[in-house]
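Protein chains in written order, with full-length UniProt numbering: chain A, 1 to 129; chain B, 1 to 772.
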């Protein structure tokens with residue numbers, strides 16, 4: 001199992017963030033976390049990281065339904081930033097709307113669409129890929 | 001075949017030389033024999049002591065038997081070469097009279113033997129006279145014969161003429177003069193006589209014939225036109241013969257007969273026939289000809305065809321047969337019309353009657369006829385007529401009457417529809433009961449007095465006028481505001497407000513159409529329907545629609561809440577519990593936590609169901625794809641491998657592997673999974689269970705039959721509950737009461753339907769109708 005350096009969680013739900021972080025820690029999923037509470041904040045920070053050539057997260061868990069910028073807006077803007085480092089993005093959402101699932105498939109960057117809640121099993125599967 | 005007497009006149013008329021024969025050899029009697037008759041002249045009867053009217057005698061009766069080598073039979077005369085000699089004849093008083101018998105043959109133009117002239121002279125007539133006396137006697141006889149001939153000719157209206165070429169003189173008999181309308185003492189001249197022939201064809205022909213008869217002796221026989229001395233036009237038959245002496249023509253003679261009446265009636269007949277023929281050809285009519293005196297008829301092929309026969313099949317058609325074909329109720333009328341025509345009360349016979357068709361049905365025909373010739377006694381002789389099949393006309397006429405009645409009925413019966421007809425200027429000419437009911441005006445008040453402006457709202461008319469101006473740039477006034485659109489050839493239907501007599505207003509839908517006669521507009525028809533109720537209903541529908549829209553958008557919000565927010569919370573609870581138990585493994589034994597786990601799981605499942613239900617209606621508009629039913633069935637079975645293996649249910653599939661339905665993959669999967677799991681879930685433990693799938697085509701549907709032999713459903717009790725949400729009617733712990741509800745909604749979202757047949761403890765068959 002490959003150890004991930006930085007995992008980024010973009011979600012406005014503190015319970016989810018808390019829970020996910022705990023599960024990741026328990027599973028020894030990654031070294032450190034980056035947590036943003038909406039798409040806009042995540043975009044601004046990540047853009048700064050890219051520009052400053054600092055270390056980017058290896059994986060992003062992206063919620064769709066968020067205030068200010070939602071997950072889609074974030075994706076639309078984020079893919080415009082030129083970046084050579086590979087980032088794996090997972091959409092983690094409560095939405096089971098088939099329209100959302102279809103839309104997620106249209107982004108090359110998005111590796112998978114995971115319906116909440118996240119479980120230990122789900123996390124292990126994610127690492128296995 | 002002509003009678004011998006007739007033939008005799010014909011012959012001597014044509015060939016004057018026979019007169020010489022008679023003068024020479026038939027002074028005491030003449031017998032003429034032709035192929036089928038004979039004629040004995042009055043002189044012979046006289047010679048033998050009979051009276052002129054004792055005409056029952058045959059020539060053979062007159063002969064003394066011992067001399068019977070002479071026969072007066074045409075064939076015998078022809079075969080035996082009988083010499084001219086004396087034969088003994090019986091006198092009435094018993095004496096025997098010897099007559100010198102001279103036989104002369106008569107041939108026609110083609111040289112065929114047509115008759116024999118048997119001349120009879122008393123022997124002493126010839127031999128006992130001295131030559132001088134003979135000449136005298138002969139001259140006397142000649143005079144007598146000439147007189148006789150003149151008399152004959154007079155009776156037959158035949159004139160005689162003679163040209164003496166040496167003296168260039170022309171002789172006309174009295175009859176010839178009569179025909180020329182010349183005075184009895186008129187002295188004709190050759191040149192003048194030729195000029196009496198009508199200029200052109202007649203004169204050219206006679207001049208030519210006159211030339212060839214004098215030069216070559218060619219006889220002539222022509223029907224020619226002359227103009228008489230009184231200036232009248234006549235048709236004559238002129239026959240000429242020549243007499244030659246020493247190779248030169250010395251005399252021309254011939255007969256002259258007035259044939260005007262005959263010729264003109266013949267021409268008229270031909271003309272009449274031609275006229276009729278052309279008319280008939282144009283009308284596609286059958287024809288008939290009828291000789292009323294003899295009863296002979298002649299019918300055309302088409303006449304027979306009209307009643308379903310060929311002419312050969314039905315001929316001959318005599319009067320009896322014709323009457324037998326006519327409808328018994330129509331015979332009298334037809335006969336009456338015919339009689340009127342016979343009595344010259346009407347020029348034409350005309351009758352409409354039914355005539356029996358070969359197939360037994362009655363055909364209406366129009367029978368028209370005209371008497372085209374009459375006998376000398378003024379009796380109808382020939383009649384000519386036409387037959388036209390008028391069944392269609394009759395039918396159409398009947399239908400028209402029916403339709404007219406119906407229309408009148410509609411006009412009267414339409415108490416809720418206003419039907420108003422106007423002339424070109426808008427003056428009302430028809431105002432039906434509906435109009436009176438709706439508008440409150442009586443017929444009397446408006447008919448021929450008012451225009452529809454009486455009950456139109458003024459503002460609307462002005463607005464319409466403006467609209468016409470805006471659209472077509474035309475300024476129309478008065479009644480044209482209403483008829484403008486219909487005059488452009490369009491159906492003009494629009495909504496107007498009518499004002500009743502009492503001032504109340506109501507909305508109508510008015511259609512205006514031009515009334516046309518022979519493609520020319522003669523007025524307008526306005527049909528208006530009171531649409532008050534319609535308008536109210538429209539309002540109601542509109543408000544209902546608003547409510548529905550509102551509810552729909554709330555439903556969408558609800559869907560969103562369910563699909564996202566509720567799920568988030570339930571997900572968080574599940575995640576927290578998961579973590580809690582992970583970090584504190586001993587809590588797993590805690591009863592509270594156990595129930596919390598169960599409650600969390602139930603909540604998740606409920607939300608799942610709710611979500612499916614809500615999402616369903618939102619995705620109807622998605623495009624349906626062609627899905628292979630067989631493939632999806634196999635796929636569903638694969639997903640259920642474990643369950644089916646455990647349950648020991650025999651699942652068979654007879655679905656046509658090429659059949660496709662219109663659907664959404666997720667729905668079809670869900671539908672099939674649901675029915676298969678249902679079949680397994682509700683299997684009977686009492687028997688070897690099976691599930692059979694097959695399909696058929698019904699109209700625009702593919703029908704999937706899923707049959708099982710499970711516990712079945714009491715349809716009497718549960719029909720209404722079967723597809724309800726959260727309805728279960730078994731004690732099966734796995735029953736959730738959501739499956740069929742969702743399935744039904746999914747099938748309906750795909751434009752299909754579900755039918756169920758079931759019997760308790762026997763099994764269930766679901767028929768799932770999916771669009772082709």
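Glycine included, each C-beta is placed from N, C-alpha and C at the ideal position.
Interface residues of chain B facing residue i [CB-CB closer than 9 Å]
| i | result |
| --- | --- |
| residue 16 of chain A | 568, 571, 572 and 575 |
| residue 44 of chain A | In chain order: nothing, as chain B lies at least about 25 Å away. |
Chain A residues whose Cβ lies nearer than 9 Å to that of residue i
| i | result |
| --- | --- |
| residue 582 of chain B | 22, 23, 26 and 120 |
Listed by chain order, chain A residues near residue i by CB distance under 7 Å
| i | result |
| --- | --- |
| residue 601 of chain B | Correct list: empty, because the minimum Cβ distance to chain A is about 12 Å. |
| residue 579 of chain B | 19, 22 and 23 |
| residue 611 of chain B | 96 |
Residue nearest to residue i in terms of C-alpha spacing, selected from the options
| i | options | result |
| --- | --- | --- |
| residue 606 of chain B | B:742, B:637 and B:590 | B:742 |
| residue 234 of chain B | B:251, B:265 and B:105 | B:265 |
| residue 511 of chain B | B:519, B:499 and B:492 | B:492 |
| residue 34 of chain B | B:15, B:118 and B:597 | B:118 |
| residue 369 of chain B | B:396, B:356, B:340 and B:394 | B:340 |
| residue 453 of chain B | B:487, B:444, B:542 and B:496 | B:496 |
| residue 686 of chain B | B:578, B:502 and B:712 | B:712 |
| residue 609 of chain B | B:566, B:332 and B:587 | B:566 |
| residue 306 of chain B | B:446, B:361, B:332 and B:523 | B:361 |
| residue 123 of chain A | A:90, A:73 and A:48 | A:90 |
| residue 258 of chain B | B:329, B:583 and B:155 | B:155 |
| residue 576 of chain B | A:34, A:15 and A:10 | A:15 |
| residue 145 of chain B | B:12, B:719 and B:113 | B:12 |
| residue 489 of chain B | B:513, B:664, B:74 and B:574 | B:513 |
| residue 528 of chain B | B:627, B:431 and B:401 | B:431 |
| residue 624 of chain B | B:97, B:665 and B:363 | B:665 |
Contacts of residue i in chain B (Cβ-Cβ under 7 Å)
| i | result |
| --- | --- |
| residue 65 of chain A | 564 |
| residue 117 of chain A | 571, 572, 574 and 575 |
One or two residues paired with residue i in a DSSP bridge
| i | result |
| --- | --- |
| residue 30 of chain A | A:4 |
| residue 505 of chain B | B:499 |
| residue 30 of chain B | B:119 |
| residue 755 of chain B | B:767 |
| residue 100 of chain B | B:86 and B:121 |
| residue 336 of chain B | According to DSSP, residue 336 of chain B bridges with nothing at all. |
| residue 293 of chain B | For residue 293 of chain B, which the question treats as bridged, DSSP gives no partner whatsoever. |
| residue 366 of chain B | B:352 and B:388 |
| residue 650 of chain B | B:690 |
| residue 197 of chain B | B:226 |
| residue 249 of chain B | B:244 |
| residue 717 of chain B | Residue 717 of chain B pairs with nothing; no bridge assigned. |
| residue 160 of chain B | B:255 |
| residue 169 of chain B | B:164 |
Neighbouring residues, chain B, relative to residue i (Cβ below 8 Å)
| i | result |
| --- | --- |
| residue 13 of chain A | 568 and 572 |
> Can you find at least 3 beta carbon pairs, one from the segment 331-349 of chain B and one from the segment 305-312 of chain B, that sit closer than 8 Å?
Replying inline: no
> Along the segment 651-666 of chain B, what residues have a CB closer than 8 Å to any CB found in chain A?
Replying inline: If the cut-off is 8 Å between Cβ atoms, the segment 651-666 of chain B has 666 near chain A.
> Any residues in the segment 70-98 of chain A with a beta carbon nearer than 9 Å to a beta carbon of chain B? Which ones, in chain order?
Replying inline: 93, 94, 95, 96, 97 and 98
> With a cut-off of 8 Å, do at least 3 Cβ pairs link the segment 248-264 of chain B to the segment 154-171 of chain B?
Replying inline: yes
> Given 8 Å as the limit, is there contact between the segment 592-604 of chain B and the segment 566-578 of chain B, that is, 3 or more CB pairs closer than that?
Replying inline: yes
> Are the segment 198-218 of chain B and the segment 295-303 of chain B touching, with three or more C-beta to C-beta distances below 8 Å?
Replying inline: no
> Taking one C-beta from the segment 406-422 of chain B and one from the segment 463-470 of chain B each time, how about it: are there three or more such pairs within less than 8 Å?
Replying inline: No, the segment 406-422 of chain B is not in contact with the segment 463-470 of chain B.
>> Whether or not the segment 84-92 of chain A and the segment 531-551 of chain B are in contact is what I'm after, with contact meaning three or more pairs of Cβ atoms, one per stretch, closer than 8 Å; do they touch?
In response: No: fewer than three Cβ pairs fall under 8 Å.
>> Pairs of beta-carbons, one from the segment 66-80 of chain A and one from the segment 536-547 of chain B, closer than 8 Å: are there three or more?
In response: no
> Does the count of Cβ pairs from the segment 425-432 of chain B and the segment 474-492 of chain B closer than 8 Å reach three?
Replying inline: yes
> Taking contact to mean at least 3 C-beta pairs separated by less than 8 Å, is the segment 440-452 of chain B in contact with the segment 497-504 of chain B?
Replying inline: yes
> For the 8 Å Cβ check, are there 3 or more pairs between the segment 641-656 of chain B and the segment 686-698 of chain B?
Replying inline: yes
> Can we say the segment 42-56 of chain A touches the segment 11-25 of chain A, given the rule of at least three CB pairs closer than 8 Å?
Replying inline: no
> At a cut of 8 Å, does the segment 577-594 of chain B reach the segment 27-36 of chain A through at least three beta carbon pairs?
Replying inline: These segments do not touch.
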